[in-house]
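Everything in the sequence shown is counted per the working numbering, starting at 18 for the first residue and increasing by one.
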Amino acid sequence: MYNNLRITGLASPFDTEEMVGKLMETEKVKLNRVEQDKQLLVWKREAYNDLNKDFANFILNTRKEFGLTTTTSTGAMVSNSYEKLTWVKSATSSNESVGTVSTTAKAMSGSYNVEVEQLAEGVKMASSSNITVEGGTKDNLASQFGLNEGDVIKFSIDTKNGTKEFEFTGSQSINDVVKAINNAKVEVGEGDNKKEVSLGVRAVYDANIDRFFLQTEGTGTDTWIKIDDKSVIDGKNGFIEGDNSLLKLNTNQKSDSEGKYRGKNARINFDGAEGIEIGSNQFTINGMDFNIKSKGSFTTTVDTDIDAFYEKIEKFVEEYNKLVEKSNLLLTQKKNRSYQPLTADQKKEMDKKDIELWEEKAKSGLLRNDELVSRTMRNSRTWMYEKIEGVEGSFKHLTEIGISTEKFSQGSLGGKLSIDEIKLKEAIRKDADGVLELLFKSPDYGKGELEGVTSYKSDRELSSEQLQAKRKQSGIVTRLYDNLILGMQDIINKSGIGDDSNLYRNVKSNMLIDFVTKHSSISMIDKDVMKLESKIDDLNVYLFEKENHYYSKFAAMEKALSRMNQQSMWLMQQFSN
């Protein structure tokens, strides 16, 4: 522990503290320079990380805007094929009380006639009359149904998911029965694939009308329910099933030879194809998603939504141009060499606002002409205009659909995209599928030069020939995402991930594997910062020892002056005698 408690200047007229302080200012020059170098590296790391976040958010946001990814109820992100995009084509229903329709890019344009002969149904059971006995209360099963002490309520419910046994005592309530049925789980699968799923039935008790309801969650003939009542109730015919049971559950459906009550399929006629049976009222035919609501007929018309299509591409280009603009600003921003990072002593003499203004100037130009950023944007730009191989549609180049680079302007690196609205809308009208393929085509994994390559494989694991083949076979947007991800990985190796690892994993699940396995999650800048921190520690030790050295010299001088003063006083005393 350092001890700076000193008493100086007792024997001399000198301000030792001030003199040592001025001497140490000269000695601190090297320390200040190293601390400034460290601060510049920290700022550069932050600049890299900020730009990388922009790259990641651009990919995530535009994917979501296009509908290439969707978010599940648990928050997980799921990829979606461009052939299933819902904004490409629009579908209308002539009678939405009978059925509504939406469509995907796979649907063929045209008009289709739909007739609904029967809706899909599940199995529904309900109490045929009030279930609480006269004079009974709903506090517990014994009171509600007039049970005797020895009565046993026991039954099983069997569905396509599995079988669940239930048993209740008279002290429990009807709500306990409802809760147990609704929360019932059964095991499906074997070994490592074994998991718990819902039994597949829902129970409801409405106290206002004193009726119990039981129905399957699914619909269609593949959905069924079988009840085995094993209750022993004096003078009663079971608890759960039949008019004579305590719950008086009944259904209009008849059980099959196995005692199973089955649901019904929906039955429709679709544009000449008659008698189509489907187990749900929500279904897909020829890329069109139907939701039927009642018996009847309607006509659905499918056509390319040119305006929606154009707006999606326009929004993407706007977001891309923002990314280009920010990258170009960082690459061309001049370095203010007159503004170096402030030392701790300098900050003490400035107010907060002045410090912020100073550091804003000191941070400028940190990524000027940076090779990593330049290469990432250059590769992204170059591959936009390369021919796409293996397309089946009408277009192979971006310019063929009316998208090109803005004209060069003085002081700009260029790279922004511009849209010829008339030409793009005409391309969409002519061959919407071809435009989609041009933008979003995936490479032919596992074939030719990409034999053995899957979509999960990192670009860094590919040979140069495989990487070239992948780029040539990819659509414009797919290429852009891949090039940005490759650049992001380079930047991560250089500057780390900050506190945004989940952000990068959402972009690509295996994006950080190389950084973790090959670089031990320590970036190049992190290593440089650690070296400077070690150097700063050494310099602080040196300065502490140097300061003590100066004080020891002044202390020796003080001691010598004190001895001289004592001798001088002794001589004066001798002469005075």
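The C-beta atom is built at its ideal place from N, Cα and C for all residues, glycine as well.
Counting of Cβ neighbours within 10 angstroms places GLY208 among the exposed residues, the total staying below 16. Taken atom to atom, the span from the alpha-carbon of GLU478 to that of GLU468 is near 13 Å. In the structure shown, the three-state DSSP call for ILE372 is helix. By the beta-carbon neighbour count (other beta carbons within 10 angstroms, threshold 16), ALA224 is exposed.
In terms of Cα proximity to PHE83, the closest of GLU417, LYS329, LYS365, VAL214 is LYS329.
Three or more Cβ pairs drawn from the region 300 to 316 and the region 124 to 134 lie within less than 8 Å of each other, which places the two stretches in contact. Looking at the DSSP output, LEU231 shares a beta bridge with MET142, ALA220.
Closest in C-alpha terms to LEU384, from the list ASN178, LEU346, ASN510, comes LEU346. Looking at the DSSP output, ILE257 sits in no beta bridge, so it has no partner there. The closest CA to that of ALA290, considering only VAL140, GLN189, HIS414, VAL133, is found on VAL133.
With respect to the 8 Å criterion, THR87 and VAL95 are classified as neighbours on the basis of their beta carbons. A direct Cα-Cα distance of roughly 7 Å separates ILE509 from PHE532. In the structure shown, SER128 adopts extended strand secondary structure according to DSSP, grouped into three states. Under the three-state reduction of DSSP output, GLY208 falls in the helix class. In this structure, the alpha-carbon of GLN485 lies about 21 Å from that of ASN527.
Between ASP246 and GLY235, the C-beta spacing is not below 8 Å. With respect to VAL470, GLN483 sits close: the two C-beta atoms are nearer than 8 Å. For ILE445, the uninterrupted alpha helix (DSSP H) segment begins and ends at 438 to 447.
Check the Cα spacing between ASN353 and each of GLU331, LYS364, MET367, SER381: the tightest is with SER381. In the pairwise beta carbon analysis, the region 514 to 528 is classified as not touching the region 543 to 557: fewer than three pairs are separated by under 8 Å. Apart from the 5 residues on each side of it in sequence, GLN232 sits with its Cβ closer than 8 Å to the Cβ of GLY139, VAL140, LYS141, MET142, VAL218, ARG219 in its chain, given in chain order. Secondary structure within the region 337 to 416: not one fully enclosed beta strand (DSSP E) run of 3 or more consecutive residues is present. Closest option to ILE170, judged by alpha-carbon separation, among SER512, SER274, ILE436, PHE183: PHE183.
For LYS202, the secondary structure class from DSSP, reduced to helix, strand or coil, is strand. A Cβ-Cβ distance of about 5 Å is found for the pair SER111 and PHE315, placing them in contact under the 8 Å criterion.
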